[in-house]
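Take 38 as the starting number for the sequence shown in my numbering and just add one per residue.
Note that CB positions come from ideal geometry on N, CA and C, so glycine has one too.
Predicted, not measured: the structure shown is a model, and the values here were computed from it.
Quick notes on the structure that follows.
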Amino acid sequence: MTIYLCSKREDDVRRVKVVTDARIQSSSSRRSRRPHLVLFTTMADLPERSLIHRYTIANWAAHSPDVLPILFLPPNSSRHMTSMAQDAIRKGWIILRTPRFLSGLPVLKDMFRIAERKAADNMASFIGYANADILFDANLTPTLLTIQKLRKGFWTNVFVVGRRAEVNVSLLTDQVTCLGCLTQIRNDGTIFFGAGQDYFITVPDQFPWQHIPDFVVGNRAYDNRISVETFQWHYDVIDVSRTLLAVHQIGDRNRFITPGRSHDYHLAAGAELTKGDISHAPWYTEFSGCVTATNGKCQIRLRRRL
């Protein structure tokens, strides 16, 4: 796969060619090299979401060895959550204790700091968080490799975000571990893209968490507020929605009704949250001449802030 860095301005013709290997490594090479990404999450103790969570465990494990997944669980977990943890361990996940709670929900930045240490221990280039109902297709690693290679010459701090595509969990089976099959969902037109972000990826030990309030996972507004902070701290925000398919598994239960949701809303009330929308990202990834990363050319183009 060949990638170019281009300015959106027609008078700027700089191009940097970067070649990356988009092939998924065979199982024989797993654990033989360091991960590119340490990706963590936490799960609500809801047995009715068991299928969704098991699909997530299987999907993230399928990205090994490029991704090292971490699951944060509370102490004294229920039998249901213990079963989830055992399934995750069998598939190569790391299980850690959730360090702190507010309103009964886990505090994001405390988990992030612990996950950053794991990223440093494993010499991973990226650290990220995603909700426990998000699946990623085969373009996760190629997209990050593209950003990493270009980052060395152009960017100091990057913040990777993207929109999710909603798919009913009843339509998913073996697709969760067949990463190329997930990509096919995009082509089949069985999805629609919402405004939610639900995941973000950055560089270890760079994000200014000391200036971020105690946002808890699962409540409204925290993702937009974090995005606002990235613009204020002059991060190079990259929207990868066009190259990375992030599948949000949905069921009958409305996941947005969260008991403590007002906690994040009030913390974020002082920010101009619309500025945290993904559409304001100055960079984005895009396929050129292809639909998937295989045998295609991608362009990362610069958007000009209005």
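The three-state secondary structure of Leu-208, taken from DSSP, is helix.
Val-254 sits in coil when the DSSP states are folded into three classes, being neither helix nor strand.
With contacts defined by Cβ atoms closer than 9 Å, Phe-196 and Ser-264 form a contacting pair.
Judged by pairs of C-beta atoms under 8 Å, the segment 124 to 142 touches the segment 96 to 115, as three or more such pairs exist. Where Thr-79 is concerned, the enclosing beta strand (DSSP E) starts and stops at 74 to 79.
Per DSSP, Phe-268 is one residue of the alpha helix (DSSP H) stretching across 259 to 269. The way I'd put it, the segment 242 to 256 does touch the segment 137 to 151; three or more beta-carbon pairs between them come closer than 8 Å.
Asp-170 counts as buried, since at least 16 other C-beta atoms from the protein chains shown sit within 10 angstroms of its C-beta. In this structure Phe-237 is not in contact with Tyr-321, their Cβ atoms being roughly 15 Å apart against a cut-off of 8 Å.
Counting along the chain, Tyr-236 sits inside the beta strand (DSSP E) bounded by residues 236 to 239. Excluding five sequence positions before and after Ile-287, the CB atoms of its chain that fall closer than 6 Å to its own CB belong to Glu-203 and Asn-205, given in chain order.
For Tyr-92, the enclosing alpha helix (DSSP H) stretches over residues 87 to 99. Distance between His-100 and Ala-175, taken at the CA atoms: about 8 Å. Here Asp-276 is bridged, per DSSP, to Val-198 and Tyr-321.
In terms of Cβ geometry, Pro-245 and Glu-266 form a close pair [threshold 9 Å]. Collapsing the DSSP output to three states places Arg-134 in a strand. Counting along the chain, His-285 sits inside the beta strand (DSSP E) bounded by residues 283 to 287. Comparing C-alpha distances from Ile-132 to each of Asn-194, Gln-269 and Val-75 shows the shortest one belongs to Val-75.
Cβ contact annotation for Asp-260 (same chain, cutoff 6 Å, sequence separation greater than five): Gln-234, in chain order. Cβ neighbours of His-117 within its own chain (closer than 6 Å, five residues either side excluded): Pro-84.
If the five residues before and after Ile-89 are omitted, its C-beta is found closer than 8 Å to the C-beta atoms of Ala-169, Asp-170, Val-206, Gln-286 and Gly-288, all from its own chain and listed in chain order. Boundaries cannot be given for Leu-83, as no alpha helix (DSSP H) includes it and DSSP labels it neither H nor E. Residue environment analysis places Ser-278 among the buried positions, since at least 16 neighbouring C-beta atoms fall within 10 angstroms of its C-beta. Secondary structure at Gly-217: helix, using DSSP grouped into helix, strand and coil. DSSP, reduced to helix, strand and coil, places Pro-179 within a helical segment of the structure shown. Bounds of the alpha helix (DSSP H) holding Phe-149 are 145 to 158. Secondary-structure assignment with DSSP links Ala-167 through a beta bridge to Tyr-236.
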